[in-house]
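Residue numbers (our numbering): 25 to 103.
Heads up: the structure comes next, in structure tokens.
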């Protein structure tokens, strides 16, 4: 950490991990996010009463991730 503080002009500019997502990977991610409610319901059914909760939470998590990713891409385009 001290080296970076002493030489800020030499700190490598690492790409943002979200920028590294290819369209193919994004499509796979969308498919996986779409499958979350089904997976949560099946998994919850296997362990008992948590199926309804898992089925309700999965779309929220997927929606929030998609919104964050869309916002990130909009910020990058605006810059």
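We put the beta carbon where it would ideally sit given N, CA and C, even for glycine.
(request) Taking 8 Å as the cut-off, decide whether the C-beta atoms of residue 88 and residue 57 are in contact. (result) Locating residue 88 in the chain shown gives position 64, where the first residue counts as 1. Locating residue 57 in the chain shown gives position 33, where the first residue counts as 1. No, the pair does not count as a contact, with Cβ atoms beyond the cut-off.
(message) Quick check: residue 85 and residue 60, are their CB atoms within less than 8 Å of each other?
(response) Along the chain shown, read from residue 1 onward, the residue named residue 85 stands at position 61. Along the chain shown, read from residue 1 onward, the residue named residue 60 stands at position 36. Yes; because the gap between Cβ atoms is below 8 Å, this pair is in contact.
(request) Return the CA-CA distance between residue 25 and residue 51, expressed in angstroms with no decimal places. (result) Translated into positions along the chain shown, residue 25 becomes position 1. Translated into positions along the chain shown, residue 51 becomes position 27. Legend: pLDDT at residue 25 = 47, less than 50; position of this residue unreliable, no value from coordinates given.
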